[in-house]
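**Student:**
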Amino acid sequence: MSESYSAPPNPPLPSPITGSIDPSPGLPQRWLVQVCQHRSCLRNRSDEVLIAFRDHQSPQILVAASGCMGQCSSGPTVHILPDDTWYCRLHPEDVAVIVEQHFGQGQPVAAYLHPRFHHS
Ligand code: FES
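Add 1 to a position in the sequence shown, counting from 1, and you land on the number used in my numbering.
1. With distances taken Cα to Cα, identify the nearest neighbour of D48 among Y113, C37, L33.
2. Over the uninterrupted alpha helix (DSSP H) stretch that includes C42, give me the two end residues.
3. Given a cut-off of 8 Å, decide if A65 and L33 are closer than it, judged by their beta-carbon atoms.
4. Closer than 5 Å from C-beta to any heavy atom of the ligand FES: which residues, in chain order?
5. In three-state DSSP terms, what is Q30?
6. Which runs of the beta strand (DSSP E) spanning at least 3 residues fall entirely within the stretch 30–110, listed in chain order?
7. Cβ of H92 within 8 Å of Cβ of R46?
8. Could you work out which residue in S67, I62, R117 is closest to H103 when comparing CA atoms only?
9. Compare the C-alpha of R90 against each of L114, P10, C69, M70 and name the closest.
10. Determine the DSSP secondary structure at P17, reduced to helix, strand or coil.
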């Protein structure tokens, strides 16, 4: 039996992306959230994490399903650009605070940072 998995297609980007972009001073105009949808992360509910981020999708917050990002033992893995932040072991319930604190105030949520990339 094959265990191949195809990530669900990403929804179309909001179109046109104009007008409402008004980030706080000093914050990126747009965030890209990559949520792993490969096997190990899926076993830990990364599909629900993806849905939770998509609930907050906007012209400023773009959300994409991704393939394996090489952090399988600590999934669900989420990578944020442009500030190259890695989150690990996220639960869907964790997403709201990331949206508010990280994207709204520019403060990554320390409790969920991946220790392989972010040392305290
Ligand atoms: S399966 Fe998600 S990082 Fe590898």
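Ideal Cβ placement from N, Cα and C applies to all residues, glycine included.
**Tutor:** Taking the structure as given:
1. When C-alpha distances from D48 are compared across Y113, C37, L33, the shortest belongs to C37.
2. 40–44
3. yes
4. C37, H39, S41, C42, C69, M70, Q72, C73, G76, T78
5. coil
6. 32–37, 62–67, 79–82, 86–88
7. yes
8. Measuring from the Cα of H103, the nearest candidate turns out to be I62.
9. L114
10. Confidence at P17 is low in this model, with a pLDDT of 42, below 50, so the placement of that residue is unreliable and no value is reported for it.
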